[in-house]
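**Student:** The following block contains the structure, expressed as structure tokens.
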Amino acid sequence: MTTDATAPTAENDLLPPPASVFVAGHRGLVGSAVTRRLTADGYDVLTRTRAELDLRDAAATAAYLAAARPDAVVLAAAKVGGIMANSTYPVQFLEDNLRIQLSVIAGAHAAGVRRLLFLGSSCIYPKLAEQPIREESLLTGELEPTNEPYALAKIAGIVQVQSYRRQFGASYVSAMPTNLYGPGDNFDLETSHVLPALIRRFHEAKEAGAPEVTLWGSGTPRREFLHVDDLASACEVLLRHYDGDGPVNVGCGDDLTIRELAETVAGVVGYDGELAWDMSKPDGTPRKLLDVSRMTALGWKPQIPLREGIAAVYEEWRTKG
Ligand SMILES: NC(=O)c1ccc[n+]([C@@H]2O[C@H](COP(=O)([O-])OP(=O)(O)OC[C@H]3O[C@@H](n4cnc5c(N)ncnc54)[C@H](OP(=O)(O)O)[C@@H]3O)[C@@H](O)[C@H]2O)c1
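Numbers given in this note's numbering equal positions in the sequence shown, counted from 1, plus 14.
See the structure below:
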């Protein structure tokens, strides 16, 4: 796998503003952050709601891209969910994602789109990958079985991007973000990720005056969390300055235990009851930390400290619901 992670300069800017960028999935956590960032930096951001354009429909997607002819595409549309959704709807997690990727990447190439950034996820890496996880560990071991259909679809997307590079010289690249959080996150306890779920649990416990909150597992697994606005700035750096074959990990380079995370969230929310741990529930992988040296070599680094980011998300959710 070759990479081309040269330090950015004005001369090697591959997508200066005011280029036009179609952000697929602009209403999602990632797509909305990318839209905010690119708009603020002077790009002409193009969007379509799912009702206007179902990205699984290859013909409609190709027709839209051929008419709009953006300079670049950010593929942040996907069927996304937690363990429960992944195990209930494996067909949709495999097929919807494959279809979206086929439509958007092939449609972009047919329309002559110059640059494309495909967003995958850290779950593409082997379950037992060496930590911190380097991009080179892709396809070196077995995947976590609970989200294998989703991970395989995302791996196919990376290989699709690489194939367009090899066969057609397309300047298309992939990014693999760690666990994300940020404005507009999903707070539905049935389907949410750990961080918004903790915010909601502690907030409700505080409101109810509950003396104790019980959380799943031992609290010892280590996880990494990146504010989605930091991911959005990484996406802009990649569009402008990265043209390598390999995917690029995007994380903060630092992790903490779920117990430390829970204590931080409780502190932000102002919950001062006890934390209890239900050890009969599974812990999952002991550690999942991305090696982000490829991304930081491009001059990017995250700007939003975890506690500050959590406080902003809590404030937004508490006031806007
Ligand atoms: N969230 C994380 O922690 C995380 C971590 C690592 C990687 N990622 C990656 O980042 C990408 C975006 O994730 P996210 O968290 O932003 O997900 P999200 O909030 O669920 O947003 C996904 C977006 O895709 C759109 N979409 C889905 N199917 C579509 C279709 N058939 N046609 C048109 N639009 C469709 C959705 O539209 P509607 O609004 O109409 O539903 C939504 O706007 C995914 O590839 C994911 O793997 C996310």
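Heads up, the beta-carbon is just placed ideally off N, CA and C, and yes, glycines get one too.
Small disclaimer: the values here were computed from a predicted structure and weren't measured.
Starting from E288, trace the beta strand (DSSP E) both ways and give me its first and last residue.
**Tutor:** Along the sequence shown, read from residue 1 onward, the residue named residue 288 stands at position 274. Where E288 is concerned, the enclosing beta strand (DSSP E) stretches over 288–292.
**Student:** How about A47 and G196: do their beta carbons lie closer than 8 angstroms?
**Tutor:** What you label residue 47 is simply residue 33 of the sequence shown in a count that begins at 1. What you label residue 196 is simply residue 182 of the sequence shown in a count that begins at 1. Between A47 and G196, the C-beta spacing is below 8 angstroms.
**Student:** Fully enclosed by the region 63–121, which alpha helix (DSSP H) runs are 4 residues long or longer?
**Tutor:** 72–82, 97–102
**Student:** For ligand 1, is there any heavy atom lying closer than 7 angstroms to the beta carbon of N193?
**Tutor:** What you label residue 193 is simply residue 179 of the sequence shown in a count that begins at 1. Yes, Cβ of N193 sits closer than 7 angstroms to a heavy atom of ligand 1.
**Student:** For S294, is the classification buried or exposed, using 16 other Cβ atoms within 10 angstroms of its Cβ as the cut-off for buried?
**Tutor:** On the sequence shown, position 280 is the one that residue 294 refers to. Its Cβ having fewer than 16 others within 10 Å, S294 is exposed.
**Student:** Would a C-beta distance cut-off of 8 angstroms place N263 and E149 closer than the cut-off?
**Tutor:** By 1-based counting over the sequence shown, the position of residue 263 is 249. By 1-based counting over the sequence shown, the position of residue 149 is 135. Yes.
**Student:** Mapping DSSP to helix, strand and coil, what is Y186?
**Tutor:** Locating residue 186 in the sequence shown gives position 172, where the first residue counts as 1. Strand.
**Student:** Can you find at least 3 beta carbon pairs, one from the region 269–277 and one from the region 101–121, that sit closer than 8 angstroms?
**Tutor:** no
**Student:** Label P146 either buried or exposed according to how many other C-beta atoms from any shown protein chain fall within 10 Å of its C-beta, with 16 as the threshold for buried.
**Tutor:** Locating residue 146 in the sequence shown gives position 132, counting from the first residue. So P146 ends up on the buried side.
**Student:** On the CB-based measure, 16 or more other CB atoms within 10 Å of its CB, does E156 come out buried or exposed?
**Tutor:** On the sequence shown, position 142 is the one that residue 156 refers to. Looking at its Cβ environment, which holds fewer than 16 other Cβ atoms inside 10 Å, E156 is exposed.
**Student:** Residue ranges of each beta strand (DSSP E) run of no fewer than 3 residues wholly in the region 215–241, ordered along the chain?
**Tutor:** 226–230, 239–241
**Student:** Less than 7 angstroms between C-beta atoms, sequence neighbours within five positions excluded: which residues of the same chain meet that for S151?
**Tutor:** Within the sequence shown, residue 151 is the residue found at index 137, counting from 1. Excluding residues within five positions, the ones whose Cβ falls inside 7 angstroms are Y139, P140, A143, E144.
**Student:** Return helix, strand or coil for R301, following the three-state DSSP convention.
**Tutor:** Within the sequence shown, numbered from 1, the residue matching residue 301 stands at position 287. Correct three-state label for R301: strand.
**Student:** Looking only at C-alpha atoms, which of K334, A54, T310 sits nearest to A189?
**Tutor:** Position 175 of the sequence shown, counted from the first residue, corresponds to residue 189. Of the listed residues, the one whose Cα sits closest to A189 is T310.
**Student:** Taking three-plus beta-carbon pairs below 8 angstroms as touching, is the region 115–130 in contact with the region 71–82?
**Tutor:** yes
**Student:** In whole angstroms, what separates the C-alpha of W230 from that of E277?
**Tutor:** As a working mapping, residue 230 is identified with position 216 in the sequence shown. As a working mapping, residue 277 is identified with position 263 in the sequence shown. Distance from the CA of W230 to the CA of E277, rounded to the nearest whole angstrom, comes to 14 angstroms.
**Student:** Of all the options D292, T102, F107, R321, which has the alpha carbon lying nearest to the alpha carbon of A91?
**Tutor:** Numbered from its first residue, the sequence shown carries residue 91 at position 77. When only C-alpha atoms are compared, the closest one is F107.
**Student:** Do the region 245–261 and the region 284–299 meet, that is, are 3 or more Cβ pairs less than 8 angstroms apart?
**Tutor:** no
**Student:** Can you name the residues that DSSP bridges to D58?
**Tutor:** As a working mapping, residue 58 is identified with position 44 in the sequence shown. According to DSSP, D58 bridges with S34.
**Student:** Hey, is the region 311–322 in contact with the region 235–243, meaning 3+ C-beta pairs nearer than 8 angstroms?
**Tutor:** yes
**Student:** Anyone know if the C-beta pair for L212 and R129 falls short of 8 angstroms?
**Tutor:** On the sequence shown, position 198 is the one that residue 212 refers to. On the sequence shown, position 115 is the one that residue 129 refers to. Result no, Cβ atoms of L212 and R129 do not sit closer than 8 angstroms.
**Student:** Please work out which residues of its chain come closer than 7 angstroms, Cβ to Cβ, to D305, disregarding the five sequence neighbours upstream and downstream, and give them in chain order.
**Tutor:** Taking the first residue of the sequence shown as 1, we reach residue 305 at position 291. Residues of the same chain with a CB within less than 7 angstroms of the CB of D305, apart from the 5 flanking positions on each side, are P146, I147, R148, N263 in chain order.
**Student:** According to DSSP, what are the bridge partners of L270?
**Tutor:** Position 256 of the sequence shown, counted from the start, is the residue given in the question as residue 270. Note: L270 sits in a beta bridge opposite R237.
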